[in-house]
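**Student:** Sharing a structure with you now.
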Amino acid sequence: MADAQWWRTAAIYQIYIRSFADSDGDGIGDIAGIRSRLGYLAQLGVDAIWITPWYASPNNDGGYDVRDYRAIDPTYGDLREAELLIGEAHQHGLRVILDVVPNHTSTDHPWFQAALVAPPGSPERARYHFVDGRGSGGELPPNDWRSTFGGSAWQRVTEVDGEPGQWYLHLFDPSQADLNWSHPEVHREFLDILRFWFDRGVDGFRIDVATGLVKHPGYPDLGYREEDLLVLTNVPDHPHRDRDGVHAIYRDWRRLAGEYDPPRIFVAEAWVADSERLARYVAPGQLHTTFNFPFLQSAWDAGELSSVIESTLHAMSRVGAPPTWVLSNHDVERTVTRYGRADTRKQPGRSGHELGPVDIELGRRRARAAILLMLALPGVAYLYQGEELGLPDHMDIPVDRIQDPIWTRSGGRRRGRDGCRVPLPWTLDPKGAGFGSADPWLPQPHGWETHSVQSQLDDPTSTYHLVARALRIRRSLDPAPELEWVVRSDSVLRFRRGPALECIVNFGATEVPVPAGAVPLLRSDTIDVTPDPIGPDTAAWLRPRG
Ligand code: NOJ
């Protein structure tokens with residue numbers, strides 16, 4: 410655990426706490442559940458875990474609506490257990506990254522509750538964006554900004570005299586009020602929250618909505634044109650995304666992280682249009698790393714993926730930051746489902762049957778190849794829980810069990826993100842698949858236990874063993890060598906990472922021969938270490954001929 414540069418090459422496993430492991434039989438994952446599976450994660454071979462928000466929260470948006478940033482939600486455990494988990498993870502050689510949610514608080518947060526009973530113009534309201542409405546009686550929202558979850562981004566409050574009053578900004582659910590980051594108290598509070606967790610041994614933070622903190626003080630209209638676009642990112646001088654002011658905030662955060670030994674680290678959740686804008690978040694003095702969503706958004710397509718890889722490597726090396734790679738998380742369809750469609754691109758805000766039929770076997774073949782592609786790239790790789798099991802999305806969650814606020818905000822037009830958040834299958838028990846003893850908070854699809862850890866441990870051909878073998882090989886290699894392309898065609902990507910690793914991915918319809926003299930290391934389609942030609946939608950790792 411001594412290496413202060415661990416974050417430059419780590420494999421990081423995302424734990425969506427509600428759905429990871431339930432220890433107390435309430436149908437919801439918890440800290441004790443995570444503690445009981447640390448051995449599994451160490452065995453899998455990841456270097457760190459990122460835990461989605463576990464703070465006290467009414468849980469309208471999976472904990473991204475925080476009531477108290479220094480308390481654990483009782484559903485998950487308590488502070489003592491959190492501290493135990495951090496210590497035990499470290500004993501297993503796993504670093505711990507938490508999620509910080511600085512763009513908004515829950516409307517149950519004491520600050521917001523105080524703002525509700527305070528008058529317009531008061532210091533309590535100044536910590537949020539309370540604005541008068543338009544129209545003669547202020548009955549219209551202050552501008553045209555939309556919530557990412559659908560509908561207007563403004564909600565009108567009732568003042569203490571019972572009259573309709575000002576509007577507050579919520580770029581997500583109305584129960585998530587956006588904070589006003591031009592207020593010094595907001596800055597101080599978050600530095601203090603970071604310190605609170607760093608002092609407890611936390612190794613870093615994932616920053617939720619990292620691009621959104623600073624808003625245009627004049628709240629100008631955005632001018633939406635396309636009905637379907639929820640977040641416009643390619644707008645110059647965007648009034649609430651990727652504004653230059655965010656970088657001053659992160660300079661302070663970086664300074665704070667650097668006061669610790671070893672230094673703590675950050676990863677930004679930054680959905681921005683291009684790698685150059687992304688690089689600004691990890692320029693010297695800024696954050697350490699940022700998610701690379703263009704990689705996740707790409708189709709299963711050699712040309713698209715290789716140009717994202719190239720532009721990422723270029724942009725990151727210019728600022729001295731490590732590239733990062735991610736294919737799945739709790740907000741997007743799992744690759745097994747997405748890559749099994751005719752159109753394999755990630756669709757903003759859409760999921761499930763509305764995007765057309767899925768060929769699961771095809772999707773799984775591609776997802777397995779994609780994992781080998783990702784783990785062969787230089788830098789940091791993120792795995793989302795269940796990705797190591799090749800889980801698909803649950804496409805048929807009954808409507809009365811859907812939890813994602815996107816469902817109600819879109820008036821039932823979008824099913825949202827629950828399909829990728831289904832509680833993990835651990836055992837062959839057909840009832841709950843070993844997630845816990847109770848009915849899980851989200852239903853699991855029929856036959857979920859067949860994907861379980863238990864069944865995959867017993868099956869040498871399983872996705873679990875593929876990922877574990879890949880992580881083991883990755884760890885044994887020198888992480889330094891840069892990527893050197895051997896072939897970049899419409900159907901094949903082939904690159905080297907120094908003398909020890911060559912990766913070939915076949916996106917085409919015909920077989921690709923294994924280069925003569927190369928030593929086969931790993932394949933996505935078979936456990937045999939074989940020099941057989943590489944079939945369609947398949948990846949191979951080889952040691953190149955000397
Ligand atoms: C991004 C998180 O990943 C997502 O789950 C959440 O709904 C939004 N930020 C709002 O916090």
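Numbering-wise (this note's numbering), the sequence shown opens with residue 410 and increments by one. Glycine included, C-beta positions come from ideal geometry on N, C-alpha and C. On a predicted model such as this, the values are computed, not experimentally measured, just so you know.
Would the beta-carbon of residue 429 be found less than 7 Å away from any heavy atom of ligand 1?
**Tutor:** For this step, residue 429 is matched to residue 20 along the sequence shown. Residue 429 Cβ: outside cutoff for every heavy atom of ligand 1.
**Student:** Identify the continuous alpha helix (DSSP H) that holds residue 452 and give its terminal residues.
**Tutor:** Locating residue 452 in the sequence shown gives position 43, where the first residue counts as 1. From DSSP, the alpha helix (DSSP H) with residue 452 extends over 447-453.
**Student:** Thinking C-alpha only, which one of 736, 502, 540, 822 is nearest residue 786?
**Tutor:** By 1-based counting over the sequence shown, the position of residue 786 is 377. Considering only alpha carbons, the answer is 736.
**Student:** Do three or more CB pairs link the region 601-609 to the region 544-554 at distances below 8 Å?
**Tutor:** Counting Cβ pairs under 8 Å, fewer than three are found: no touch.
**Student:** Name the one or two DSSP bridge partners that residue 459 has.
**Tutor:** On the sequence shown, position 50 is the one that residue 459 refers to. Its beta-bridge partners are 423, 506.
**Student:** Whose C-beta lies closer than 6 Å to the C-beta of residue 813 among residues of the same chain, with five residues either side of it excluded?
**Tutor:** Looking up residue 813 in the sequence shown gives position 404. 825, 826, 827, listed in sequence order.
**Student:** Is residue 538 near ligand 1, in the sense that its beta carbon is under 7 Å from a heavy atom of that ligand?
**Tutor:** As a working mapping, residue 538 is identified with position 129 in the sequence shown. Incorrect: residue 538 has no Cβ contact closer than 7 Å to ligand 1.
**Student:** Under the DSSP definition of a beta bridge, which residues are partnered with residue 522?
**Tutor:** Locating residue 522 in the sequence shown gives position 113, where the first residue counts as 1. For residue 522, which the question treats as bridged, DSSP gives no partner whatsoever.
**Student:** Do residue 586 and residue 513 have their C-beta atoms closer together than 8 Å?
**Tutor:** Position 177 of the sequence shown, counted from the start, is the residue given in the question as residue 586. Position 104 of the sequence shown, counted from the start, is the residue given in the question as residue 513. For residue 586 and residue 513, yes; Cβs fall inside 8 Å.
**Student:** Which ranges would you report for the alpha helix (DSSP H) in the region 578-633 if only whole runs of at least 4 residues count?
**Tutor:** 593-607, all fully within the region 578-633.
**Student:** Tell me whether residue 894 is buried or exposed, calling it buried when 16 or more other Cβ atoms sit within 10 Å of its Cβ.
**Tutor:** One-based indexing of the sequence shown puts residue 894 at position 485. Residue 894 comes out exposed.
**Student:** Check whether the Cβ of residue 617 lies closer than 7 Å to any heavy atom of ligand 1, and answer yes or no.
**Tutor:** As a first step, residue 617 is located in the sequence shown; it is residue number 208 there, counting from the start. Correct: residue 617 has its Cβ closer than 7 Å to ligand 1.
**Student:** Quick check: residue 430 and residue 505, are their CB atoms within less than 8 Å of each other?
**Tutor:** Translated into positions along the sequence shown, residue 430 becomes position 21. Translated into positions along the sequence shown, residue 505 becomes position 96. Not closer than 8 Å, so no.
**Student:** Answer yes if the region 761-770 comes into contact with the region 712-727, meaning at least three C-beta pairs across the two stretches below 8 Å, and no otherwise.
**Tutor:** Touching, no, given that fewer than three Cβ pairs across the two stretches are closer than 8 Å.
**Student:** Relative to the alpha-carbon of residue 595, which residue among 488, 891, 662, 497 has its alpha-carbon at the smallest distance?
**Tutor:** Here the question's residue 595 lines up with position 186 in the sequence shown. The shortest C-alpha separation from residue 595 is found at 662.
**Student:** Quick one: what does DSSP say residue 789 is sitting in, helix, strand or coil?
**Tutor:** The residue labelled residue 789 in the question sits at position 380 within the sequence shown. In this structure, residue 789 counts as strand in the three-state DSSP scheme.
**Student:** Could you pull the start and end residues of the alpha helix (DSSP H) that residue 815 belongs to?
**Tutor:** For the purposes of this step, residue 815 is taken as residue 406 along the sequence shown, with counting starting at 1. It spans 814-818 - the alpha helix (DSSP H) in which residue 815 sits, taken as one unbroken run.
**Student:** Once DSSP output is grouped into helix, strand and coil, what is the label at residue 513?
**Tutor:** Sequence index remark: in the sequence shown, residue 513 carries index 104 (1-based). Strand at residue 513.
**Student:** Applying the 10 Å Cβ sphere with the 16-neighbour rule, what's the burial state of residue 518?
**Tutor:** Numbered from 1 along the sequence shown, position 109 holds the residue referred to as residue 518. By the neighbour-count rule (16 or more Cβ atoms within 10 Å), residue 518 is buried.
**Student:** Nearest by alpha-carbon distance to residue 571: which of 920, 484, 527 is it?
**Tutor:** Position 162 of the sequence shown, counted from the start, is the residue given in the question as residue 571. Here the closest residue by C-alpha is 527.
**Student:** Locate the alpha helix (DSSP H) running through residue 478, then write down its first and last residues.
**Tutor:** Looking up residue 478 in the sequence shown gives position 69. No alpha helix (DSSP H) holds residue 478; the beta strand (DSSP E) holding it covers 477-481.
**Student:** If you measure from the beta carbon of residue 527 to each beta carbon in chain B, is any gap under 8 Å?
**Tutor:** The chain inventory of the structure shown lacks chain B, comprising one protein chain alone.
**Student:** How big is the Cα-Cα spacing for residue 638 and residue 619?
**Tutor:** Taking the first residue of the sequence shown as position 1, residue 638 is located at position 229. Taking the first residue of the sequence shown as position 1, residue 619 is located at position 210. With a pLDDT of 49 at residue 638, under the threshold of 50, the modelled position of that residue is not reliable, and no figure is offered here.
**Student:** Out of 659, 627, 652, 864, point me to the one whose CA is closest to residue 597's CA.
**Tutor:** Within the sequence shown, the letter at position 188 stands for residue 597. The residue with the shortest Cα to Cα distance from residue 597 is 659.
**Student:** Using a threshold of 8 Å, state whether the C-beta atoms of residue 746 and residue 710 are closer than that.
**Tutor:** Translated into positions along the sequence shown, residue 746 becomes position 337. Translated into positions along the sequence shown, residue 710 becomes position 301. Going by C-beta atoms, residue 746 is not nearer than 8 Å to residue 710.
**Student:** Given a cut-off of 8 Å on the beta-carbon distance, is the pair residue 562 and residue 588 in contact?
**Tutor:** Within the sequence shown, the letter at position 153 stands for residue 562. Within the sequence shown, the letter at position 179 stands for residue 588. Not in contact: residue 562 and residue 588 (Cβ atoms no closer than 8 Å).
**Student:** Does the Cβ of residue 488 have 16 or more other Cβ atoms within 10 Å, making it buried, or fewer, making it exposed?
**Tutor:** Your numbering for residue 488 matches position 79 in the sequence shown. With fewer than 16 Cβ atoms within 10 Å of its Cβ, residue 488 is classed as exposed.
**Student:** Considering Cα atoms alone, identify which of 472, 500, 415, 425 is closest to residue 792.
**Tutor:** Counting from one through the sequence shown, the residue named residue 792 turns up at place 383. Per the Cα distances, 425.
**Student:** From this set, 704, 796, 808, which residue's C-alpha is nearest residue 682's C-alpha?
**Tutor:** In the sequence shown, counting from the first residue as 1, residue 682 sits at position 273. The shortest Cα separation from residue 682 among 704, 796, 808 belongs to 704.
**Student:** Which residue marks the beginning of the alpha helix (DSSP H) containing residue 878, and which one marks its end?
**Tutor:** Locating residue 878 in the sequence shown gives position 469, where the first residue counts as 1. Element bounds for residue 878: 872-885.
**Student:** By the DSSP assignment, the beta strand (DSSP E) with residue 853 in it spans what residues?
**Tutor:** Reading the sequence shown from its first residue, position 444 is the one you call residue 853. Neither: residue 853 is in no beta strand (DSSP E) and is coded neither H nor E.
**Student:** Can you tell me whether residue 839 is buried or exposed, with buried defined as 16 or more other CB within 10 angstroms of its CB?
**Tutor:** Locating residue 839 in the sequence shown gives position 430, where the first residue counts as 1. The residue in question, residue 839, is exposed, as its Cβ has fewer than 16 Cβ neighbours within 10 Å.
**Student:** Bridge partners for residue 949 per DSSP, in chain order?
**Tutor:** Taking the sequence shown and counting its residues from 1, the one referred to as residue 949 is at position 540. Answer is 913, 932, bridged to residue 949.
**Student:** How many Å lie between residue 496 and residue 649 at the Cα?
**Tutor:** Position 87 of the sequence shown, counted from the start, is the residue given in the question as residue 496. Position 240 of the sequence shown, counted from the start, is the residue given in the question as residue 649. If you take the alpha carbons of residue 496 and residue 649, they lie about 38 Å apart.
**Student:** In three-state DSSP terms, what is residue 555?
**Tutor:** For the purposes of this step, residue 555 is taken as residue 146 along the sequence shown, with counting starting at 1. The answer is strand: DSSP assigns residue 555 an E or B state.
**Student:** Just to check, is the beta-carbon of residue 579 closer than 7 Å to a non-hydrogen atom of ligand 1?
**Tutor:** Locating residue 579 in the sequence shown gives position 170, counting from the first residue. No, the Cβ of residue 579 stays beyond 7 Å of every heavy atom of ligand 1.
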